Amino acid sequence: MPLDAVAIVDSDKVSSQRLVCKLAVWSHGRIRLLASQWANHRLGNWESCPYSHLFLGSLEN
């Protein structure tokens, strides 16, 4: 049994919490990155769109 595995077994709860936290942070960042890339691709220059401010206003409300 590798030393890493022993350490994980000894602090299983702490390790799983850290893993979940890392995964959550990574996936959140990844989703934001993909969403911004998709938006840029789909909308082109968003600021030049005449409806962009109306759309952003409706999102905020």
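Counting along the sequence shown from 1, when you hit position 8 you're at 281 in the working numbering, and nothing is skipped either side.
Note that the Cβ used here is the ideal one computed from N, Cα and C, for glycine as well.
Just so it is clear, the structure is predicted and the values come from calculations on it, not from any experiment.
Exercise for the section: Can you grab the Cα-Cα spacing for the pair W311 / I304, in whole Å? Expected result: Numbered from 1 along the sequence shown, position 38 holds the residue referred to as residue 311. Numbered from 1 along the sequence shown, position 31 holds the residue referred to as residue 304. Taking the CA atoms as reference points, W311 sits about 10 Å from I304.
Handout entry: Sequence-distant residues of its chain with Cβ nearer than 6 Å to N313 (five each side left out)
Key = For the purposes of this step, residue 313 is identified with residue 40 of the sequence shown, where counting begins at 1. So the list is empty, once near-sequence residues are dropped.
Practice task
Please go through the same chain and pick out, in chain order, the residues whose beta-carbon is closer than 6 Å to the beta-carbon of S300, but skip the five residues on each side of it.
Solution key: Residue numbering aside, residue 300 sits at position 27 when the sequence shown is read from its first letter. Within the same chain, S300 has no close Cβ partners at all.
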